[in-house]
Structure formats: C-alpha cells, structure tokens
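Counting in the UniProt record's numbering, the sequence shown runs from 1 upward without gaps.
For glycine and all other residues, C-beta sits at the position ideal for the given N, C-alpha and C.
Computed from a predicted model, the values in this text were never measured in an experiment.
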Amino acid sequence: FPGGIKIDKEVLTTAGDKLKMLATFSVGYNHIDLKECQKRGISIGYTPGVLTNGVADLGVALLLATSRRISEAMKKARNGEWGKSSDIMWMCGKPLANSTIGIVGLGQIGLAIARRLQAFSIQQILYSGTREKQFDSEDDKKLFKFVQFEKLLNQSDFVIIACALNEKTESMFNKQAFEQMKNDAILINIARGGIVDQEALYDALKNGQIQAAGLDVTTPEPLPLDHPLLTLENCTIFPHIGSADESARHQMAQVCVDNLLNFFSGKPMVHQLKIDNL
C-alpha cells in the first residue's frame, strides 16, 4: 500500500481473516489503524531509512525556497515585475548564516537535515523530542542543544518539523505555539500535515505572527484548490514530494517487496513495525 491509502477497520474487515501481513510503501504509518492490526495479529512491514537522504535534501530545498521567496521571485520574473521596483530591499529574504535552527524530532531525517544545514554557517541547532541525543564529538556537543519545545519556539529563527504524527504531536503547532515563535520565524514541515493546525497557521501567516511557512505535507492531501493557505504569498507548498527521489523510490519498492517475501518465507522482515506494546 502507498502511504496515502487509509487502512482502517473497514478495510481490514473487508480483507478478512486471511490477511496476515501489510506492506506499506512509506516510512510513516499514521494511515494504518495499528490497534486494529494488533488485535487481528497482522504484521506490518514499512520502508524507513532508505528515504532519509531524499527527504533531507527536499527539506533544505523547501527551507531555501521559503526563506529566499523563490515562488514569489519566479512569479515576478514571469509577470513583468522584474526591474520595476526601486526599493533596495525588493525581494530580500531571510539569511541562514548565523541563525538558530530548531528541529522538532531529531531522528534520522532531522539529523540529516541538520548535517546539511551546517554548511550554511548556522550558529546553533536546538532540538526537542522524547529524549536527549548523545554526541561523540566536541563540535557536535557545542552545536546541538536539547531544549523543551517552548524554548525551541522562543529562540529559533527557523523551525523544522521532522517528528512522527501521533497522539502527542497532533496539532502541536497550534495558536499557542505560533504565539511563542519569533515574528520573523519561518516554519518548515516535512513530516505530516496533522502536526500543524492549518487554520491557526493561516492566521499566524496572515497576521504577521510568523514570517513564512514551507509545507511539503498538508491535511488533507492534496490540498483543495480553494484552501486559504494557497492564497498566501508567504506560504510555499509542495505536493508531498519528500521521497520523490529516483534512488529512494527504487529502494523503497525493493524493501517493500523483500518485507513481503521474507514474511511469507518465515524470515524476519527487512523493516517490521513494532506494534506489540500499543
């Protein structure tokens, strides 16, 4: 199953008792009713790891596109506005150098994004999550700082969402969260749309509570063409292309097939989702 197809109780009931295993073509699994699978004894294979580089690359691209106002710039180049303004600050964006980056969820993808951003002469990386990471090098110990979510919001110039969607993270970026962010902060979401309260995000962007947002994920997907977020110049939206990397897609397909073959051959899956202790 691709990650966009909902595997709920109704689908599982229709499949019947013979269904023993699900293979999802994704690293995320919020589209699957895990408790129902646990109850029915259904094993789940998924495809983490192989798309880390692709999503991290896209995350940095989205950050740059948002901070340097690439979508706006392209429109102005095409509609004849280029060369019409005498404002020396015309189309100026927010620089990465000497900035503080906040990453919510420093897992494989979050860390891969952080490594890429080090090349942009950033000042510090704050991160929040379930636990503090242990770094070996002294440079990393100075660069990375584990903080509470509220402090990350207060101090970050760029906030990147790279955590999983679950009961704790659903709508964690709400009105209260945006009120705690800097007025010139930029929000980037490459995780799951449900982590952001999109109505609150619209208000924050419209009212200048935060400077801009870049989204590769939304709720729902695709986003309806009449959605208010699509009317904002300071909101850059991609059509969930984080894993749209040729190499990543081939590897995901291979892992998906190997998970299936291994399961029905009595071998351990390449990547099995642990759902025993839900």
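Residue VAL50 holds the alpha-carbon nearest to the alpha-carbon of SER247 among VAL50, GLY16, ASN189, ASP8. Under the DSSP assignment, MET21 falls in the beta strand (DSSP E) whose first and last residues are 21 to 23. A direct Cα-Cα distance of roughly 17 Å separates MET21 from GLN254. For ASN154, the enclosing alpha helix (DSSP H) covers residues 149 to 155. The beta carbons of ASP197 and PHE173 sit closer together than 8 Å. In this structure, LEU58 lies near ILE241, with their beta-carbon atoms less than 8 Å apart.
Here CYS163 has VAL104, GLY105, GLY107, GLY110, GLY129, THR169, ALA191, ILE195 as same chain residues with Cβ atoms under 8 Å from its own Cβ, once five neighbours each way along the sequence are excluded. By the criterion of at least three beta-carbon pairs nearer than 8 Å, the segment 230 to 238 is in contact with the segment 198 to 206.
In the three-state DSSP reduction, GLY194 falls in the helix class (H, G or I). Taking a C-beta distance under 8 Å as the contact criterion, MET91 and GLU72 qualify as a contact pair. Under DSSP, the beta-bridge partners assigned to LEU215 are ASN189, ILE237.
For LEU96, the number of other beta carbons within 10 angstroms of its own is at least 16, and it is reported as buried. In the three-state DSSP reduction, TYR202 falls in the helix class (H, G or I). The count of Cβ pairs closer than 8 Å, one atom from the segment 136 to 156 and one from the segment 73 to 88, stays below three, leaving the stretches out of contact. Only residues of its own chain outside the window of five on either side were considered, and among them ALA164, LEU165, ASN166, ARG192, GLY194 have a CB closer than 8 Å to the CB of ASN30, listed in chain order.
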